[in-house]
Amino acid sequence: PGVRVDATVLSVHLAGPWPMPIDAWASDIGEFPDTLREVGRTAGAGAVIVAGDFNATADMAAFRRLLDEGFGDAGMDAGAGLART
13 PGVRVDATVL SVHLAGPWPM PIDAWASDIG EFPDTLREVG RTAGAGAVIV AGDFNATADM
73 AAFRRLLDEG FGDAGMDAGA GLART
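As structure tokens, then:
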């Protein structure tokens, strides 16, 4: 109720950094800010909800860069701590 613009939902599952070489994961997460910005542009005034498995924690610099760019982590915001996926 009260929603005037449809939301965009993006499902994500980045490559795992282990036990495979970390290169695929680093590439995926490195490109992700550009992907999010593009999805945001196409969503217009609608909210963008991103859900899935980043195979990352706040201990990983590439994931922290996402947070530093203004993206949020609902699990962290809720105080859920680390969760296995």
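With positions in the sequence shown counted from 1, the corresponding number in our numbering is that position plus 12.
Think of the CB as a built atom: it goes at the ideal place given N, C-alpha and C, for glycine as much as any other residue.
> Three or more beta-carbon pairs under 8 Å between the segment 87 to 95 and the segment 54 to 65, yes or no?
Replying inline: no
> Can you give the Cα-Cα distance for W30 and G52, rounded to whole angstroms?
Replying inline: 30 Å
> Can you tell which of D85, A74, V21, V60 has the C-alpha that lies nearest to the C-alpha of E43?
Replying inline: A74
> Assuming V21 contacts I61 under a Cβ cut-off of 8 Å, what Cβ separation, rounded to an integer in Å, is found between them?
Replying inline: 5 Å
> What is the C-beta distance between L26 and W37, in whole angstroms, given that I count them as a contact (C-beta under 8 Å)?
Replying inline: 6 Å
>> Taking the beta strand (DSSP E) that D65 belongs to, which residues open and close that run?
In response: 60 to 65
>> Could you check whether A70 and M88 sit closer than 8 Å to each other, using their CB atoms as the reference points?
In response: yes
>> Quick check on L78: buried or exposed, where buried means 16 or more other Cβ atoms within 10 Å of its Cβ?
In response: buried
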